[in-house]
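Below: the structure, in structure tokens.
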Amino acid sequence: MAGDVRFAVSDVTIRNEEGARPQVSYSDASGGHEILCDYIVGCDGDRGVSRSSIPQGVLTRYSHEFGYGWLAALVEAPVTGHPIMGVSDRGFVAQLPRGPHRSRYYLQCALTDRQEDCPDQWMWDEIRVRLFDVSIQNAAVHDKDLVPLRSVVYAPM
Numbered sequence: 779m780a781g782d783v784r785f786a787v788s789d790v791t792i793r794n795e796e797g798a799r800p801q802v803s804y805s806d807a808s809g810g811h812e813i814l815c816d817y818i819v820g821c822d823g824d825r826g827v828s829r830s831s832i833p834q835g836v837l838t839r840y841s842h843e844f845g846y847g848w849l850a851a852l853v854e855a856p857v858t859g860h861p862i863m864g865v866s867d868r869g870f871v872a873q874l875p876r877g878p879h880r881s882r883y884y885l886q887c888a889l890t891d892r893q894e895d896c897p898d899q900w901m902w903d904e905i906r907v908r909l910f911d912v913s914i915q916n917a918a919v920h921d922k923d924l925v926p927l928r929s930v931v932y933a934p935m
């Protein structure tokens, strides 16, 4: 089954009113667009536009806190080949694609770590150490955030 993925969009709105056909609207460089849907599958996480489009009181939230966090950094570095993941005595690291030219790196960190504890050069050095790969080059960092690792499930699905 073929997909139709859109990058570099903004102003995403989901309308899924009872008795009406679901719709997704968004803007991109060419203007505003609307897509009529048979189904909408929200895969954008707990704080994304999909989850926030569901009215209050419809879902029950179940969560588990794991006791550590992620340094999540969006960088100008495409994944070459398969996404990269590694585990070392310094913790977990992963590089996952976020479009054709960007990746998001995740580095395991303590819940007590602060963003100022994680400057760009430290992050790149830590990625190389955790992946045992000194050939990884620094790239532009677009944003970084420290987030606790948690598992969240809503019912009904």
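Just so we're on the same page, this note's numbering is the position in the sequence shown counted from 1, plus 778. We put the beta carbon where it would ideally sit given N, CA and C, even for glycine.
(message) Would residue 884 and residue 848 be called neighbours here (beta carbons separated by less than 7 angstroms)?
(response) yes
(message) Short of 7 angstroms in beta carbon distance, which residues of its chain neighbour residue 796, apart from the five on each side in sequence? Order them along the chain.
(response) none
(message) Our contact map puts residue 889 next to residue 823 with C-beta atoms below 8 angstroms; I'd like the distance itself, whole angstroms only.
(response) With 8 angstroms as the limit, residue 889 and residue 823 do not qualify as a contact, their Cβ atoms being about 19 angstroms apart.
(message) What does the alpha-carbon distance come out to for the pair residue 906 and residue 801?
(response) 43 angstroms
(request) On the DSSP bridge assignment, give the partners of residue 887 in chain order. (result) 847
(request) Please determine if the segment 865-873 and the segment 827-834 are in contact, where contact requires at least 3 C-beta pairs separated by less than 8 angstroms. (result) no
(message) On the DSSP letters alone, give me the boundaries of the alpha helix (DSSP H) that residue 907 sits inside.
(response) 898-909
(message) Just to check my reading of the structure: residue 930 and residue 841 have Cβ atoms closer than 8 angstroms, yes? What is that Cβ distance to the nearest angstrom?
(response) With a beta-carbon spacing of about 5 angstroms, residue 930 and residue 841 fall inside the 8 angstroms limit used to define contacts.
(request) For residue 801, name the three-state secondary structure that DSSP assigns. (result) strand
(message) For a test of the three-state rule: what should DSSP assign to residue 830, helix, strand or coil?
(response) helix
(request) Could you check if residue 925 is buried or exposed, using at least 16 other CB atoms within 10 Å of its CB as the buried criterion? (result) exposed
(request) Measure the C-alpha to C-alpha separation of residue 780 and residue 827 and round it to an integer number of angstroms. (result) 23 angstroms
(message) Looking at the strands, I want to know which residues DSSP matches up with residue 872.
(response) 863 and 884
(message) Tell me the residue span of the beta strand (DSSP E) that contains residue 928.
(response) Run containing residue 928: 919-933, per the beta strand (DSSP E) assignment.
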